[in-house]
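Contents: one structure, followed by commentary.
Numbering (the numbering used here), first residue to last: 1 to 577.
This is the structure in structure tokens:
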């Protein structure tokens, strides 16, 4: 190894780790998206930020990342790990269930976006092939940013997560056709474009089948052997080989590296080693993904952005409007869910990392002029920075869009009801409670402040209404004064306490049962006025202890008796302090 290059590499690594040590705690404390922090750091520490001043002020070179190409190669690992872990959360059965979203909504969203963005680029003065290239480049979205946001918000398995992921998978399948088109447009094509596309489709199909067959029939046995022979170290090495090997196979077939990593995750997710691998890879994924977001920031050139500011701003606005509208239309037509379509549109509207790859190839082959390419890249990069903001705005709009769809009787219809149960929060816990109460013919009124969730539950036939149970007027309309009890199931500490206090003022003698995250939260709820609180951590521990005793051969009655004693003891501690 060249010692000079080695020193530069370690210097760049130190700069990145130092930046990560500041960005992560600072942005978490400020409740800002960490993604944005890494992008800003990349812009500041990259070749167009402080790096541009390093020639005149050499000491700044110690605080900038100079080897951008090497950095980008390591950053790609972050995307691969992210897509691999995303695959762990799915199965081939679930993926097959997404086929209408992948090919139906995906083709419609990309097609509409590409057509309108191509027309916009053409009217802006870009040549025919260049305009088509720009339209295709900007029509795709950021798999890395969007997937990370869905994971952070625990929405991967939610309707919006499935719809968004379906379209992102379709976009990954378009990598080869787009690059083939650019090659022919630049005069580098060999043979007819139809022949080349058919060849690429055959290669891609063979690659995917090869990964699937190897994974189905060999992966579990290989992982078993690795776990028995070498423990976690060998298992980790085999996991890395699986991720990189699958990515290499898809890349060799002209598909994206990310698609191969996702397929590897699907296969490993069907083994019993899934959870251990997920825990072991998480720290590496976070570091490399942070590095990836920094490389996105490094690609932003403030000088070019400022010199073309009106064009860049207009391009970003047009991009978000066109792709957002296309996503809403596509998902709405395929799934029939307006709220889901609106929320997904905010995630899919910005451009993605593949735009830089397309534009790089297009400028090299002469399809896009270099001056136009850097402006289009600036539009793509800045729109990616806005993804957390557009996602949040779209989620808020989705809440409003869902309200007219509820078609439910108003909560005021229950203001005179007596002897019923009010359930505050209708997520998984609230839904489970409702199912049990329904089987026993117990009247209930459920409230939730997430309109899209309310719409979904109502379509399933549940009696749930939109409203914040922390507001006294909402509780009054739900019949708080005549209710038999209130059950609080929300997991937000502040919201749960506010609901208990509001209900206690309206109905001083009515029992309140609440779910708590831990004993400290249980104490807080008891002080607010709850009668009985169940700390999740305590209950989970008791359930696990019970199963352990059963495995040791203890009979069911003695186990239940023991758990009842412990449960009373633990809950008394939680409620009495």
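For glycine and all other residues, C-beta sits at the position ideal for the given N, C-alpha and C.
In the DSSP assignment, residue 502 falls within the unbroken alpha helix (DSSP H) covering 493-506.
For residue 62, the closest alpha carbon among the candidates 37, 15, 83 and 23 is that of 15. For the 8 Å CB-CB criterion, residue 487 and residue 513 form a contact. For residue 25, the secondary structure class from DSSP, reduced to helix, strand or coil, is helix.
At a Cβ-Cβ threshold of 8 Å, residue 223 and residue 240 do not count as neighbours.
Within 10 angstroms of the beta-carbon of residue 551 lie fewer than 16 other beta-carbons, which makes it exposed. With respect to residue 259, residue 172 sits close: the two C-beta atoms are nearer than 8 Å. The Cβ neighbour count for residue 509, taken over all protein chains shown within 10 Å, is under 16; the residue is labelled exposed. Within its own chain, the residues whose Cβ lies closer than 8 Å to the Cβ of residue 269, once the five positions on either side in sequence are excluded, are 87, 88, 89, 90 and 91, listed in chain order. Here the alpha carbons of residue 477 and residue 464 stand approximately 13 Å from one another. Only residues of its own chain outside the window of five on either side were considered, and among them 35, 82 and 289 have a CB closer than 8 Å to the CB of residue 148, listed in chain order. Judged by DSSP secondary structure, residue 448 falls within the beta strand (DSSP E) whose first and last residues are 444-448. Sequence-distant Cβ neighbours of residue 26 in its own chain, meaning closer than 8 Å and more than five residues away, are 37. Proximity to residue 152 across 461, 28 and 519 peaks at 28, based on C-alpha coordinates.
The shortest C-alpha to C-alpha distance from residue 121 to any of 133, 110 and 112 is the one to 133.
Of all C-beta pairs linking the region 104-118 to the region 272-286, fewer than three are shorter than 8 Å, placing the two stretches out of contact. Taken atom to atom, the span from the alpha-carbon of residue 375 to that of residue 295 is near 17 Å.
Under the DSSP assignment, residue 534 falls in the beta strand (DSSP E) whose first and last residues are 532-535. For residue 486, the enclosing beta strand (DSSP E) starts and ends at 485-488.
Remark: three or more beta-carbon pairs, one from each stretch, lie closer than 8 Å, so the region 202-222 and the region 247-254 are flagged as touching. Residue 76 and residue 245 have their C-alpha atoms roughly 14 Å apart. Pairing residue 167 with residue 109 gives a Cβ-Cβ distance under 8 Å. Assigned with DSSP and collapsed to three states, residue 156 falls in coil, not helix or strand.
Counting the other Cβ atoms within 10 Å of the Cβ of residue 323 gives 16 or more, which makes it buried. Non-local beta-carbon contacts of residue 429 in its own chain, meaning distances under 7 Å to residues more than five positions away in sequence, involve 489 and 515 in chain order. Of the candidates 391, 499 and 520, the residue whose Cα lies closest to the Cα of residue 155 is 391. Contact annotation: residue 499 and residue 480 have beta-carbon atoms that are not nearer than 8 Å.
For residue 494, the closest of 78, 459 and 523 by C-alpha to C-alpha distance is 523. By a beta-carbon distance limit of 8 Å, residue 378 contacts residue 301. Their separation comes to about 7 Å.
Under the 10 Å beta carbon count, residue 228 is surrounded by fewer than 16 other beta carbons and is classified as exposed. 137 is the residue among 137, 566 and 440 whose C-alpha sits nearest the C-alpha of residue 361.
A distance of 8 Å or more separates the beta carbons of residue 262 and residue 42.
In the three-state reduction of the DSSP assignment, residue 478 falls in the coil class, being assigned neither a helical nor a strand state.
Comparing alpha carbon positions, the residue from 507, 456 and 457 closest to residue 473 is 507. In this structure residue 444 touches residue 434 by the C-beta definition: roughly 6 Å separates them, less than 8 Å. Nearest C-alpha to residue 255 among 354, 233 and 57: 354.
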